[in-house]
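This report concerns only the one structure given below.
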Amino acid sequence: MKLRTTRRQALGLVVGAVAALIAAPAIAAPRFGADRRALAFRNLHTGESLDLVYWSDGAYHPDALDRINYLLRDFRTGEMHPIDPELLDLLVKVKARLDTNDPFEVISGYRSPATNALLRRETEGVAKASLHVKGQAIDLRVAGRSLSTLHRVAVNLRGGGVGYYPRSDFVHIDVGRVRYW
Ligand SMILES: [Zn+2]
Numbered sequence: 000m001k002l003r004t005t006r007r008q009a010l011g012l013v014v015g016a017v018a019a020l021i022a023a024p025a026i027a028a029p030r031f032g033a034d035r036r037a038l039a040f041r042n043l044h045t046g047e048s049l050d051l052v053y054w055s056d057g058a059y060h061p062d063a064l065d066r067i068n069y070l071l072r073d074f075r076t077g078e079m080h081p082i083d084p085e086l087l088d089l090l091v092k093v094k095a096r097l098d099t100n101d102p103f104e105v106i107s108g109y110r111s112p113a114t115n116a117l118l119r120r121e122t123e124g125v126a127k128a129s130l131h132v133k134g135q136a137i138d139l140r141v142a143g144r145s146l147s148t149l150h151r152v153a154v155n156l157r158g159g160g161v162g163y164y165p166r167s168d169f170v171h172i173d174v175g176r177v178r179y180w
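Its first residue numbered 0, the sequence shown is counted upward by one per residue in numbering that gives the first Met the number 0.
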């Protein structure tokens with residue numbers, strides 16, 4: 000950077016500083032979803048990835064939600080179901096607290112009733128009235144953060160149900176009643 004400053008440059012700096020002050024509220028420190036909400040996912044079953052803004056200027060983007068719904072579909076049957084935007088907003092808060100841009104690695108998003116029934120027969124701990132069937136739950140981990148950190152952050156947010164599955168290496172997060180297991 001040049002140290003000598005001409006009068007014209009100095010004036011430019013002042014104008015720039017004033018402009019920055021005026022612009023400051025719009026670029027203030029990131030609050031939750033203040034101007035845009037973005038998420039990145041990797042579906043571990045299909046290998047598909049997404050990294051997109053799904054909300055900005057006060058509105059959800061239907062095409063972005065469609066792409067998220069597709070990525071989080073029931074991979075066993077191919078069925079799609081709307082994922083509750085409230086769940087996405089909760090994940091944005093989790094991401095902010097984890098201070099990461101690494102994608103959420105998804106083990107399970109939407110589950111059709113048939114898939115949920117199948118899993119109930121094969122696995123312990125699958126609820127009959129699973130919120131996965133309503134598009135209100137997700138099982139995930141984040142590559143750059145420990146599972147216990149992800150779990151603690153999700154519990155502290157009190158945004159719904161949180162289940163800890165260290166042996167299967169994922170955390171379940173939903174937007175149902177606040178409860179922990
Ligand atoms: Zn789950």
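Glycine residues also receive a C-beta, built at the ideal position from the N, C-alpha and C atoms. As the structure is a computational prediction, the values presented were derived from the model and not from experiment.
At least one heavy atom of ligand 1 is found less than 7 Å from the C-beta of Asp138. Rounded to whole angstroms, the gap between the alpha carbons of Leu86 and Val174 is 6 Å. Annotated as distal: Ala136 and Val93, with beta-carbon spacing of 8 Å or more. Short note on Ser48: C-beta not closer than 7 Å to any heavy atom of ligand 1. In the same chain as Gly160, and ignoring 5 residues on each side of it, the C-beta atoms closer than 6 Å to its own belong to Asp173, Gly175, Arg178, in chain order.
In this structure, the C-beta of Gly162 approaches ligand 1 to less than 7 Å from one of its heavy atoms.
When Cβ pairs closer than 8 Å are counted between the two stretches, the stretch 56 to 67 is seen not to touch the stretch 121 to 131, the count staying below three.
The alpha-carbon separation between Asp83 and Ala142 amounts to approximately 24 Å.
Thr114 counts as buried, since at least 16 other C-beta atoms from the protein chains shown sit within 10 angstroms of its C-beta. DSSP lists Phe169 as the bridge partner or partners of Tyr164. Distances between the C-beta of His44 and the heavy atoms of ligand 1 are all 7 Å or more. C-alpha of Lys133 to C-alpha of Phe40: approximately 19 Å in a straight line. No heavy atom of ligand 1 is found nearer than 7 Å to the CB of His150.
When secondary structure is reduced to three states using DSSP, Leu97 falls in the helix class. By the neighbour-count criterion, in which a residue is buried when 16 or more other Cβ atoms sit within 10 angstroms of its Cβ, Arg120 is exposed.
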